[in-house]
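These notes are about the structure you will find just below.
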Amino acid sequence: MKRRGLIRPLGGAAAGWPLPPRGQISKPFASHGPIKAKTARDLILPIGLSLALIVLTSLVLAQIHWHLTALEIWHDPEDLAFAYLLPTIFIAVFFGSTVAVIASLASGVAAAYFIYPPQFSFLFDHPHHIAELGFILVLGITASKAVGVITDDRPLAWRSLTSET
């Protein structure tokens, strides 16, 4: 049996992909345009914006914790650590999952420093705080990769360019 005779039923018909005519070599990612290498300049804006969002989240959470503690309504700041997932998801939507994973790791560091007692330290009072932080990190990385799958792991600017053409 010829190679082409085996590939057509297994690869082409089963997956619904058309095979190129004989003699032509298909180019991967041809529908996305030329592949452009990332430079340091391309990473400065996404990483800087993700760090700014994490700082903004930290300031908002500190203000919320201060008000709730002053009103003697609530004294448990560890519940606020899940708010650090929001910057990760927004960065994944706008810049792709690779930068969002970096933002997730930075969010974990910020949560360890600002949220978990003793505050403003990287030490932990209880071992279950380490487990909570690990769960939040795994959840952030999983959420960023899931958003990356939904958006084809392309930044928002690339998605808007390809949808217009």
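Under our numbering, read the sequence shown as residues 824 to 988, first letter to last.
Glycine included, every Cβ here is placed at the ideal spot set by N, Cα and C.
Rounded distance between the beta-carbons of residue j and residue i, thought under 8 Å
i: Leu903; j: His888; result: 6 Å
i: Ser967; j: Thr911; result: 5 Å
i: Ala934; j: Ile959; result: 7 Å
i: Phe913; j: Pro869; result: Not really, about 11 Å apart at Cβ, beyond 8 Å.
i: Phe947; j: Tyr936; result: 11 Å between Cβ atoms; not a contact.
i: Asp976; j: Ser920; result: 5 Å
DSSP three-state assignment for residue i, whether helix, strand or coil
i: Ile912; result: helix
i: Leu884; result: helix
i: Phe947; result: coil
i: Thr974; result: coil
i: His898; result: coil
i: Pro869; result: helix
i: Ala862; result: Position check: residue 862 holds Thr in this sequence, whereas Ala was assumed. Coil, per DSSP.
i: Gly963; result: helix
i: Tyr936; result: helix
i: Ala969; result: helix
i: Gly957; result: helix
i: Leu979; result: helix
i: Tyr931; result: One point to set straight first is that residue 931 is Gly, not Tyr, in the sequence displayed. Note: Gly931 maps to helix in three-state DSSP.
Check whether residue i and residue j have beta carbons under 8 Å apart
i: Gly963; j: Ser930; result: yes
i: Glu901; j: Ile877; result: no
i: Ala906; j: Ala915; result: no
i: Ile925; j: Ser873; result: yes
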